[in-house]
Amino acid sequence: MRKIVTLTLLMLGTMMMATPVLAQPQTAEAAAASAIGYKYIAAGIGFAIAVFGGAIGQSRVAAAACEGTARNPGASARIQTMMILGLALIESLVLFALLVVFAGIKA
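Positions in the sequence shown are counted from 1; adding 152 to them yields the numbering used here.
Below you can see the structure in the form of structure tokens.
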């Protein structure tokens with residue numbers, strides 16, 4: 153119980169200290185700089201999600217190719233060709249996401 157009360161008081165004190173920051177008037181230059189900063193943050197988070205998805209996709213393709221080759225070693229050449237094609241397509245999607253991020257920042 154004591155930990156909860158301490159944590160609550162700590163959060164309340166932190167919020168009370170942040171209140172004067174929110175009360176300050178914002179100039180037009182500061183608003184423009186803030187908007188640009190939010191664009192960069194959103195672009196970074198969006199691209200990180202795209203890269204994370206691409207990495208998961210590539211790992212699953214590689215795991216499936218290894219499993220397929222282990223089950224049927226005679227088809228390893230076809231499996232490898234399809235794996236390389238799949239990896240190239242996944243990587244092209246990540247590069248496309250990078251282009252979208254740069255286009256979004258520039259706009």
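Positions of the beta carbon are idealized from the N, C-alpha and C atoms, including for glycine. Fair warning: this is a prediction, and the values are worked out from it, not measured in the lab.
Contact under 8 Å by Cβ, residue i with residue j
i      : j      : result
Leu241 : Gln210 : no
Ala249 : Ala202 : yes
Ile257 : Tyr190 : no
Ile231 : Ala217 : yes
Environment of residue i [buried if 16+ CB atoms lie within 10 Å]
i      : result
Val253 : buried
Met169 : exposed
Met142 : Residue 142 lies beyond the stretch modelled for the chain, which goes from 153 to 259, so this question has no answer here.
Met235 : buried
Ile197 : exposed
Ile156 : exposed
Option in the options with minimal Cα separation from residue i
i      : options                        : result
Gly205 : Arg154, Ser244, Arg230         : Ser244
Leu260 : Ile188, Ala182, Phe199, Ala227 : One cannot answer for residue 260 here, as it falls past the ends of the chain, which runs 153 to 259.
Rounded C-alpha distance that separates residue i from residue j
i      : j      : result
Thr221 : Arg212 : 14 Å
Glu219 : Pro225 : 10 Å
Arg223 : Ala255 : 45 Å
Thr179 : Ala215 : 54 Å
Leu161 : Ala184 : 35 Å
Ser186 : Leu247 : 27 Å
Thr166 : Ile188 : 27 Å
Ala227 : Leu237 : 16 Å
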